[in-house]
Amino acid sequence: MRPFSLGFLMDVFPILLPFLSATLAVVVGTIFFGSVAGALLAWAKAGNHKVLKRVAQGYTYIIRCTPPIVLLFIVFYGLPKFCLEVFDTNINDYDKLFFVIISFTLLFAAPISEVMRSAYEAINKGQYEAAVSIGLSPWQAFFHIVLPQAVVVALPNFGNSVVSLMKDGSLAYTIGYIDLIGKGQLIVSMNYGAYAIETYLALAILYLIMTLGLEKVFLWAERRFSQHKQIA
Amino acid sequence: MEINYQFLVDTFYLVLAAVPTTLKLTIIPLLLASPFALAIALIRLDQQKGFLKILVSAYVTFVRGTPIVLQILMVYSLLPSFLNLLAKAWSLNINVFDFDPIFYAYIVFTINIIALLSEVLRSALGSLEKGQLEAAECVGLNKIQAYLHILLPQAMVVAMPNICNLTVNLIKGTSLAFLMTVKDMTAVAKISASYGYNYIEAYVDVFVGYIIICSIVQILFHYAEAHIGRYRLSK
Amino acid sequence: MLKAKNIYKKYKQTEVLKGVDISVAKGDVVVVLGPSGSGKTTLLRCMNFLEKADQGNLEFDTISLDMNKATAKEIGKIRKKTAFVFQNYNLFQNKTALENVTTGLTVGRGMDKGKAIEVGMQALQKVGMADRADYYPSQLSGGQQQRVGIARAIAVEPDVILFDEPTSALDPELVGEVLAVIKQLAKEGKTMVIVTHEMKFAADVATHVVFMADGRIVEEGPPKEIFLKPKEERTKTFLRRILPQEEYNI
Chain E
1 MRPFSLGFLM
11 DVFPILLPFL
21 SATLAVVVGT
31 IFFGSVAGAL
41 LAWAKAGNHK
51 VLKRVAQGYT
61 YIIRCTPPIV
71 LLFIVFYGLP
81 KFCLEVFDTN
91 INDYDKLFFV
101 IISFTLLFAA
111 PISEVMRSAY
121 EAINKGQYEA
131 AVSIGLSPWQ
141 AFFHIVLPQA
151 VVVALPNFGN
161 SVVSLMKDGS
171 LAYTIGYIDL
181 IGKGQLIVSM
191 NYGAYAIETY
201 LALAILYLIM
211 TLGLEKVFLW
221 AERRFSQHKQ
231 IA
Chain V
233 MEINYQFLVD
243 TFYLVLAAVP
253 TTLKLTIIPL
263 LLASPFALAI
273 ALIRLDQQKG
283 FLKILVSAYV
293 TFVRGTPIVL
303 QILMVYSLLP
313 SFLNLLAKAW
323 SLNINVFDFD
333 PIFYAYIVFT
343 INIIALLSEV
353 LRSALGSLEK
363 GQLEAAECVG
373 LNKIQAYLHI
383 LLPQAMVVAM
393 PNICNLTVNL
403 IKGTSLAFLM
413 TVKDMTAVAK
423 ISASYGYNYI
433 EAYVDVFVGY
443 IIICSIVQIL
453 FHYAEAHIGR
463 YRLSK
Chain G
468 MLKAKNIYKK
478 YKQTEVLKGV
488 DISVAKGDVV
498 VVLGPSGSGK
508 TTLLRCMNFL
518 EKADQGNLEF
528 DTISLDMNKA
538 TAKEIGKIRK
548 KTAFVFQNYN
558 LFQNKTALEN
568 VTTGLTVGRG
578 MDKGKAIEVG
588 MQALQKVGMA
598 DRADYYPSQL
608 SGGQQQRVGI
618 ARAIAVEPDV
628 ILFDEPTSAL
638 DPELVGEVLA
648 VIKQLAKEGK
658 TMVIVTHEMK
668 FAADVATHVV
678 FMADGRIVEE
688 GPPKEIFLKP
698 KEERTKTFLR
708 RILPQEEYNI
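One line per chain: the protein sequences are E, V and G, in this order. Position 64, counted from 1, in the first sequence is what our numbering calls 64; the numbers after and before it change by one each time, with no gaps. Add 232 to the 1-based position in the second sequence for our numbering, that's all there is to it. Add 467 to the 1-based position in the third sequence for our numbering, that's all there is to it.
Spelled out as structure tokens, the structure:
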């Protein structure tokens, strides 16, 4: 077996790094659309409309049981066919990123809706009651009093979900999306499998930096936004 | 939208036939990982800093911070060659490349679960009142007895929901075993889809299959949690 | 029977025990009083090594130990001769009341299960909890839990029972039932060291009172002396604040 090549390890980083933006594009896009979808689901779950609530809960349950890769394949193969039949539009040539973001948005929305719902419900109803009793409208009470507090409660779990998303997102290469892992696989196959361990190790280091970095960012955010809870 | 219903039904049976493989990929790593995960949790809960603690924490951090896909790729590309090297060095007459790939799958998933399970156990044991251990020691139990009779049973109840989560995630994680040419549910669906390009039917089948398995697992955990948590009755 | 000398203990930068000596003879009921932070709980916990003293010497019958350097085996020997009753009971949550009492006997001392149940039920009877033997702690009130805690302590037949503020965590109405049990034990001649805030109870039950403040023993002596004729200023201030003199009935 060929010995480990530190040189290759160092050399592969600059080749991989340009594709960091592809990985981040997935994460950022999914966080944006997924949070919106998650918020809608959370609103349905916390509300009083029985049917909407059941639908949202059912959706969350199903997604929770679905392997990301299966969802990815269903969207990648199923959506074009669906769009062709129903909307008569051919989306087969759309950028792979499109399919990746849709899949992971569907995936991310479920746990995020739970994070949002439980954070919202953790806030004492008295906060809302106090707010409306001094004249704020229900919307103002929610937006100015309840929501800011709920955000703080949600932050740690939101952070966990983002880290999970980042790791799940690494599956995008299986449908041909060229992100960090995708490029890594190309490098490995270009070398006929020769420098696999160095390439994968480089990828592991990059992911470790990203996940640990994200955790630090969220810890900082938690501290920053909980200042009101600290005793002087 | 034309759906090939015959194919849908046929593939579903194929997927069902692969369920035992998926279950094996879940249960065996869980069982193998448990003692190591407990050991690591105990090491990390110990107050003193030591080289072992640092080593073990680095391992857990690495596994939690990298995608499982990457772990699979690393092990699958490295381990066979490494074992081959060992076999040659020890003059064993086995062909490493004839091993059933499921062997490598067990290894990857076990390595992964040891780290994740240790985190669950660490937080469960850490959440117990310090007084439980103190009372046990005062009444004459040594550390091992205290853990066996008092602390671990209570930690298990606390940990149950998280262990359920971990198991569900592991089941979903096994869907990547096809990368190692293991014939689990996803692999079977993929293969059967490629014959006639019936991708949607195949993946919908396997999608339903996973939902069924996860539901059963969650129900089982629900009963397990209720059973071992009997002592938590309220007045 | 039990003599601890020269105990020093520091938490981070604060000295909690500054050279404390305590001695307990068979049949004594030693009550340790003092304001919060005086070190009384720490003293008790050092005596059965729940805390490790920085310095100190423990003599128990024929055993003599350096309290800082005691080995796990030596600590185990001491713990077989003592029992501890905690402020927050620390009952084993996953065991019934009876099992809480028998675990120390079966697992800790290898007693036969049948015999352990006998001994256990006797102990529970003594504290008035025999009819709740199969209840889990989560189903019992605070006072009931503490009584089970005391049963757990007496079942192992210790030479000394150490009580760490046994009633401080209880609702006022439940304090009485626990104090009654402890008084009964005192009547039977059990050797005990009790840290408590309950002054009347202390006056009732003590054979020897130790008053601590700021990590030192300020004054000690028979209850009549300490409560009615305190010598030190610090003792006087403390007693004045806690209870008017007329209420002591020694």
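All C-beta atoms, glycine included, are put in the ideal place defined by N, C-alpha and C. Every value quoted in this text rests on a predicted model; they were computed, and no experiment measured them.
With a threshold of 8 Å between beta-carbons, can residue i be considered close to chain V, or not?
i                   : result
arginine 78(E)      : The question names arginine, yet the displayed sequence has glycine at residue 78(E). By this cut-off, glycine 78(E) is an interface position.
phenylalanine 73(E) : yes
isoleucine 474(G)   : no
tyrosine 59(E)      : no
glycine 571(G)      : yes
isoleucine 530(G)   : no
arginine 701(G)     : no
arginine 614(G)     : no
tyrosine 120(E)     : no
glutamine 480(G)    : no
With a threshold of 8 Å between beta carbons, is residue i in contact with chain E?
i                    : result
lysine 256(V)        : no
phenylalanine 239(V) : no
proline 261(V)       : no
cysteine 446(V)      : yes
tyrosine 431(V)      : yes
proline 267(V)       : no
Whose C-beta lies closer than 7 Å to the C-beta of residue i among residues of the same chain, with five residues either side of it excluded?
i                : result
threonine 342(V) : Pro261, Leu264 and Ala265
alanine 378(V)   : Leu365, Ala368 and Glu369
threonine 413(V) : Pro333
lysine 657(G)    : Ile628
Using a Cβ-Cβ distance cut-off of 8 Å, determine whether residue i contacts chain G.
i                 : result
tyrosine 463(V)   : yes
alanine 356(V)    : no
glutamate 351(V)  : no
leucine 373(V)    : yes
alanine 367(V)    : yes
isoleucine 423(V) : no
Look at residue i and residue j and say whether their C-beta atoms are less than 8 Å apart.
i                    : j                   : result
glycine 682(G)       : leucine 484(G)      : yes
valine 662(G)        : valine 594(G)       : no
valine 371(V)        : valine 623(G)       : yes
glycine 441(V)       : valine 292(V)       : no
serine 793(G)        : arginine 464(V)     : The structure shown does not extend to residue 793(G), since chain G spans only 468 to 717, so no value can be given for it.
leucine 16(E)        : lysine 167(E)       : no
phenylalanine 516(G) : alanine 537(G)      : yes
tyrosine 200(E)      : glycine 297(V)      : no
leucine 106(E)       : isoleucine 69(E)    : no
aspartate 179(E)     : threonine 23(E)     : yes
isoleucine 175(E)    : phenylalanine 99(E) : yes
Cutting at 6 Å between CB atoms, please list the residues of its own chain near residue i, excluding the five before and the five after it.
i                    : result
methionine 659(G)    : Val496 and Ile628
tyrosine 245(V)      : none
methionine 578(G)    : Leu572
phenylalanine 630(G) : Val552 and Ile661
When you compare each of the options to residue i by their alpha carbons, which one comes out closest?
i                 : options                                       : result
leucine 565(G)    : Thr549(G), Ala583(G) and Arg707(G)            : Ala583(G)
methionine 388(V) : Val247(V), Gly405(V) and Phe453(V)            : Phe453(V)
leucine 365(V)    : Leu348(V), Leu384(V) and Leu349(V)            : Leu384(V)
proline 299(V)    : Asn191(E), Met190(E), Leu219(E) and Tyr173(E) : Tyr173(E)
alanine 141(E)    : Pro3(E), Asn124(E) and Gly38(E)               : Asn124(E)
glutamate 121(E)  : Lys45(E), Met210(E) and Pro156(E)             : Lys45(E)
leucine 558(G)    : Ala321(V), Phe283(V) and Ala368(V)            : Ala368(V)
valine 352(V)     : Leu318(V), Ile334(V) and Thr399(V)            : Thr399(V)
leucine 572(G)    : Thr704(G), Glu585(G) and Gln560(G)            : Glu585(G)
threonine 66(E)   : Ile209(E), Phe104(E), Val132(E) and Glu114(E) : Phe104(E)
leucine 646(G)    : Asn561(G), Val672(G) and Gly506(G)            : Val672(G)
leucine 79(E)     : Ile63(E), Ile91(E), Glu129(E) and Ser35(E)    : Ile91(E)
proline 267(V)    : Gly461(V), Ala425(V) and Ile346(V)            : Ile346(V)
aspartate 601(G)  : Ala620(G), Pro633(G) and Thr563(G)            : Thr563(G)
Here's a check: name, in chain order, each residue in its chain whose Cβ is nearer than 8 Å to the Cβ of residue i, leaving out the five neighbours to either side.
i                 : result
valine 307(V)     : Tyr336, Ile339, Val340 and Ile343
valine 251(V)     : Met417, Gly441 and Ile445
glutamine 57(E)   : Lys45
asparagine 535(G) : Lys519, Ala520, Asp521, Gln522 and Gly523
glutamine 651(G)  : Lys593
At 3 residues or longer, what runs of the beta strand (DSSP E) sit wholly inside the segment 468 to 492 of chain G? 469 to 478 and 481 to 491
Please give the ranges of any alpha helix (DSSP H) in the segment 553 to 621 of chain G, keeping only runs that are unbroken, at least 4 residues long and fully inside the region. 564 to 570 and 580 to 593
What alpha helix (DSSP H) runs, 4 residues minimum, are completely inside the segment 494 to 527 of chain G? 507 to 514
Unbroken stretches of the alpha helix (DSSP H), 4 residues or longer, contained in the segment 267 to 308 of chain V: 283 to 297
Curious, which full-length alpha helix (DSSP H) runs of at least 4 residues does the segment 635 to 706 of chain G contain? As for any alpha helix (DSSP H) of minimum length 4 sitting wholly inside the segment 635 to 706 of chain G, the runs are 639 to 654 and 666 to 672, ordered along the chain.
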